[in-house]
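Protein chains in written order, with this note's numbering: chain E, 1 to 260; chain Z, 1 to 223. Have a look at the structure below before the remarks.
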Amino acid sequence: MTLNGFGQSWLRNKLQRRATLLLASLCATVALSPQTQAIQLQVIDPYLEMHTGPGRGYPIFHTIEQDAVVDVVSRRTNWYFVKDHREREGWVKRESLGRTLAKTGIPAALPDTRHGDYLQSQMRVGFTVGQQEEAETTSIVYGYRLASWLGLEAELGQIFGESIDGYTYGSSLMLEPFDNWKVAPFVSYGIGKQQWEKKEKLQVGSQQVHNSDYDFTGVGINYYIGFNFLVRAEMRAMKVKGRNDTVSNTAWRIGFNSFF
Amino acid sequence: MANRFQQLLLSTAGATVVLASPQILAENSEDGTIKINPIKVVEPDVQQRKVYEAGIDSEFFEVGAFTGLLSVEDFGSTNVSGFKASFHATEDFFLQSNFGQATVGKTSYERLSGDNVSILSDEDRKLQYYDLLVGYNVFPGETFITQNLTFNSAFYLVGGAGNTEFAGDNNFTLVLGTGYRVILNDWITWNLDYRDHIFETELLGEKKQTHNIEFSTSMTFFF
Numbered sequence: 001m002t003l004n005g006f007g008q009s010w011l012r013n014k015l016q017r018r019a020t021l022l023l024a025s026l027c028a029t030v031a032l033s034p035q036t037q038a039i040q041l042q043v044i045d046p047y048l049e050m051h052t053g054p055g056r057g058y059p060i061f062h063t064i065e066q067d068a069v070v071d072v073v074s075r076r077t078n079w080y081f082v083k084d085h086r087e088r089e090g091w092v093k094r095e096s097l098g099r100t101l102a103k104t105g106i107p108a109a110l111p112d113t114r115h116g117d118y119l120q121s122q123m124r125v126g127f128t129v130g131q132q133e134e135a136e137t138t139s140i141v142y143g144y145r146l147a148s149w150l151g152l153e154a155e156l157g158q159i160f161g162e163s164i165d166g167y168t169y170g171s172s173l174m175l176e177p178f179d180n181w182k183v184a185p186f187v188s189y190g191i192g193k194q195q196w197e198k199k200e201k202l203q204v205g206s207q208q209v210h211n212s213d214y215d216f217t218g219v220g221i222n223y224y225i226g227f228n229f230l231v232r233a234e235m236r237a238m239k240v241k242g243r244n245d246t247v248s249n250t251a252w253r254i255g256f257n258s259f260f
Numbered sequence: 001m002a003n004r005f006q007q008l009l010l011s012t013a014g015a016t017v018v019l020a021s022p023q024i025l026a027e028n029s030e031d032g033t034i035k036i037n038p039i040k041v042v043e044p045d046v047q048q049r050k051v052y053e054a055g056i057d058s059e060f061f062e063v064g065a066f067t068g069l070l071s072v073e074d075f076g077s078t079n080v081s082g083f084k085a086s087f088h089a090t091e092d093f094f095l096q097s098n099f100g101q102a103t104v105g106k107t108s109y110e111r112l113s114g115d116n117v118s119i120l121s122d123e124d125r126k127l128q129y130y131d132l133l134v135g136y137n138v139f140p141g142e143t144f145i146t147q148n149l150t151f152n153s154a155f156y157l158v159g160g161a162g163n164t165e166f167a168g169d170n171n172f173t174l175v176l177g178t179g180y181r182v183i184l185n186d187w188i189t190w191n192l193d194y195r196d197h198i199f200e201t202e203l204l205g206e207k208k209q210t211h212n213i214e215f216s217t218s219m220t221f222f223f
């Protein structure tokens, strides 16, 4: 056997072994995937308190002893519904359930959604209510955080004027430099379109619809409540391009968002 | 004696370590220059914590249908029905959106004037609304139906805004209200809601603010 031949057979053997391993691991994944077992955690504190409901004020009706194992069934906001080995069911606060061990002996890692996590990535949804000059506005907002200090948002809304009303849609970038503050200021810039229509009672003859583009720069404050709730106040200096001229508008808005 | 030997051996070992250690970091090469060895970084043997996101069933959304009574100022009371969806952000706060529709009745003026007088066409008597609300569970607690039958419940406040499309107009509407939620089991909820839809209208000549009270009940489902 030449050296070259030896090299080839060695390579072939190695590839075969790799392929077998890959196949085996694939089979293992397929075999395991249908089984979605409840997560079992072992209590390490002297006891774990079970509440009757997922919220403040719900009384503690049972405690689980140290070293006992609980099954985590479901989650509602930051409360977990757990079951002990005697089939007793109750709600445990996330902070308490965090003080448990997984089967592997490693501390339990529960999916956290709090301010810090939100800043790392994630999307958020919410709505705003406000005013653009004399007209009231409402909108639904969908946002995605590109970086801890930079967010991208899309919105769809309605404008209610005295004699005209319409729809608005746009997107904006939000810069939040002090991202770990509970009350965090931000600046924003965005572009969009507004579609105006004269109200029915004023219409004579044909429908009068006109579109106008806008862009704005804004400043505001984000106030983070709890783990994943956000209240926002924003002021926007808008430039609305009409058919012949550009009009400056000031818009105020308050928003409520949640992220997950 | 043993102590002497131990002392000797230990001091020799210590000296070796002291002598050897500079050699690890820096070496004198033959031409006199000092060659610095790169520092070895020891990776800590830490296992990544596995997050059980997929294994735990999260219940944040609540959707359902409602039906009730809506009193439209000047136009009497009528049935209202629609859909609602909520997102429970924290144990205290939730976001909710409602969509409802109703067909309003006649004003007193129309009723008194006989069949010939009608302010609105049948099409314009259709009222549709949507709202975007933020809710706060102000009194979470339990409801005792009998001694052995207890349900979790909450009394909540809601506020927000939306649109009421009525008589061919879009009206910016402020919504304020309260509600009572009884959680029947893991996923079924019964709600009783009281809402005030406030909007301005010029429908009957002069511009005025109208309060339109809604009282409704709904079944919703957590998922």
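Note that beta-carbon positions come from the ideal geometry of N, C-alpha and C, so glycine has one too.
Cα-Cα separation, residue i to residue j
i              : j              : result
K208 (chain Z) : F166 (chain Z) : 15 Å
S81 (chain Z)  : E134 (chain E) : 32 Å
Y130 (chain Z) : F256 (chain E) : 17 Å
H88 (chain Z)  : K241 (chain E) : 39 Å
I188 (chain Z) : D115 (chain Z) : 46 Å
N163 (chain Z) : P177 (chain E) : 35 Å
G105 (chain E) : Q122 (chain E) : 29 Å
Y136 (chain Z) : L95 (chain Z)  : 9 Å
P34 (chain E)  : T77 (chain E)  : Any reading at P34 (chain E) needs caution, since the residue's pLDDT is 40, under 50, leaving its predicted position unreliable; the model's value is listed next. Cα-Cα distance, rounded: 26 Å.
G130 (chain E) : Q208 (chain E) : 25 Å
T138 (chain E) : G157 (chain E) : 5 Å
D74 (chain Z)  : A38 (chain E)  : 57 Å
L22 (chain E)  : T128 (chain E) : Residue placement at L22 (chain E) is poorly supported in this model, since its pLDDT is 46, which falls under 50; the coordinates are not used for a value here.
N171 (chain Z) : F155 (chain Z) : 29 Å
E214 (chain Z) : Q40 (chain E)  : 46 Å
A102 (chain Z) : T100 (chain E) : 52 Å
Q132 (chain E) : G160 (chain Z) : 17 Å
N212 (chain Z) : Y47 (chain E)  : 52 Å
G98 (chain E)  : L152 (chain E) : 32 Å
W181 (chain E) : V134 (chain Z) : 23 Å
D165 (chain E) : D57 (chain Z)  : 43 Å
Top-ranked residue by Cα proximity to residue i, from the options
i              : options                           : result
Y194 (chain Z) : Z:T33, Z:L69, Z:Y136 and Z:I119   : Z:L69
F216 (chain E) : E:G226, E:L156, E:Q40 and E:S188  : E:S188
G190 (chain E) : E:P177, E:E89, E:S172 and E:F259  : E:S172
W79 (chain E)  : E:A68, E:R88, E:M50 and E:R86     : E:M50
D186 (chain Z) : Z:F144, Z:E62, Z:F66 and Z:T33    : Z:E62
G55 (chain E)  : E:V72, E:R94 and E:L48            : E:R94
D224 (chain Z) : Z:V134, Z:L112 and Z:K106         : In the structure as shown, chain Z begins at 1 and stops at 223. Residue 224 (chain Z) is therefore absent and cannot be evaluated.
F151 (chain Z) : E:Y169, E:P59 and E:Y214          : E:P59
E162 (chain E) : Z:F222, Z:E202, Z:G32 and Z:M219  : Z:E202
L143 (chain Z) : E:D45, E:G53, E:I254 and E:S258   : Note on residue identity: the sequence assigns Thr, not Leu, to residue 143 (chain Z). Nearest of E:D45, E:G53, E:I254 and E:S258 to T143 (chain Z), Cα basis: E:G53.
L192 (chain Z) : Z:G32, Z:G64 and Z:D31            : Z:G64
F186 (chain E) : E:I164, E:Q195 and E:R232         : E:R232
V219 (chain E) : E:F160, E:A154, E:K199 and E:T250 : E:T250
V183 (chain E) : E:T246, E:A237 and E:N222         : E:N222
K198 (chain E) : E:Y167, E:V82, E:G226 and E:F259  : E:Y167
Cβ-Cβ separation, residue j to residue i (assumed contact under 8 Å), whole Å
i              : j              : result
A102 (chain E) : D84 (chain E)  : With 8 Å as the limit, A102 (chain E) and D84 (chain E) do not qualify as a contact, their Cβ atoms being about 17 Å apart.
E91 (chain Z)  : F222 (chain Z) : Contact flag wrong, Cβ pair sits at about 14 Å.
T178 (chain Z) : H197 (chain Z) : Actually they do not touch by this definition, with Cβ atoms about 14 Å apart.
Per DSSP, cross-strand counterpart(s) of residue i
i              : result
R124 (chain E) : E:G143 and E:F259
Q158 (chain E) : E:T138 and E:Y167
Near-chain E residues of the segment 172 to 183 of chain Z - C-beta to any C-beta below 8 Å: F172 and I183
Proximal residues, the segment 133 to 154 of chain E versus chain Z, C-beta separation under 9 Å: A135, E136, T137, T138, S139 and I140
Contacting positions in the segment 104 to 137 of chain Z - beta carbon closer than 8 Å to chain E: Answer in chain order: L132, V134 and N137.
Cβ-based contacts, 9 Å cut-off: residues of the segment 69 to 102 of chain Z near chain E: F87, H88, A89, T90, E91, D92, F93, F94, L95 and S97
Residues, ordered as in the chain, of the segment 49 to 67 of chain E that lie near chain Z by beta-carbon distance below 9 Å: T52, G53, P54, G55, R56, G57, Y58 and P59
Residues, ordered as in the chain, of the segment 168 to 183 of chain E that lie near chain Z by beta-carbon distance below 7 Å: none
Under 8 Å (Cβ pairs) to chain Z, residues found in the segment 205 to 235 of chain E: I225, G226, F227, N228 and F229
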